[in-house]
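To start, the structure itself, in structure tokens.
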Amino acid sequence: MENKKSSKKDIQVRLRRIEGQVKGIEKMMESNTCCKDVLVQVAAVRAAINKVGALILQNYAKECMIDDEDHSAYEAKIDELVATLTMFMK
């Protein structure tokens with residue numbers, strides 16, 4: 084149960100960081116920052132959102148798709164699936 088809470092907390096921390104990045108982009112636009120620099124930050128936000136999505140997918144797969152009896156047998160396979168999907172999303 085503690086693992087679930089720490090995963091949720093990790094996701095919340097990441098989302099707050101993303102929120103800060105988005106606010107930073109807004110300030111960059113207000114101050115007429117070079118478009119290249121803004122695009123670099125947009126790419127960073129997109130990568131961070133993809134990571135959050137991957138963590139949510141991983142939590143879903145581990146908590147909702149695994150039977151309690153065969154938990155350890157499937158966990159490595161789910162980790163591999165999530166890693167593959169994460170590479171695909173980049």
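Residue numbers (our numbering): 84 to 173. From the three backbone atoms N, C-alpha and C, an ideal C-beta is built for every residue, glycine too.
Beta-carbon contacts of residue i that lie in its chain and below 8 Å, excluding the five residues immediately before and after
{"i": "D93", "result": "L138"}
{"i": "D78", "result": "Residue 78 cannot be examined here, being either before or after the span of the chain that is shown, 84 to 173."}
Identity of the residue in the options nearest residue i by Cα
{"i": "K145", "options": "V135, L164, A130", "result": "L164"}
{"i": "I132", "options": "E102, T167, A166, K91", "result": "E102"}
{"i": "R100", "options": "S90, T169, M172, V128", "result": "V128"}
{"i": "F171", "options": "Y157, K134, E158", "result": "K134"}
{"i": "Q141", "options": "A130, T169, R97", "result": "T169"}
Contacting residues, own chain, Cβ-Cβ under 7 Å from residue i (five flanking each side not counted)
{"i": "Q124", "result": "Q104, G107, I108, M111"}
Assigned secondary structure, residue i (DSSP; H/G/I helix, E/B strand, else coil)
{"i": "S90", "result": "helix"}
{"i": "K173", "result": "coil"}
Proximal residues to residue i (C-beta, below 6 Å), its chain only, five neighbours per side dropped
{"i": "A130", "result": "none"}
### Query
Whole beta strand (DSSP E) runs in the stretch 116-159 with 3 or more residues, listed along the chain?
Residue ranges of uninterrupted beta strand (DSSP E) with 3 or more members are absent from the stretch 116-159; none lies entirely inside it.
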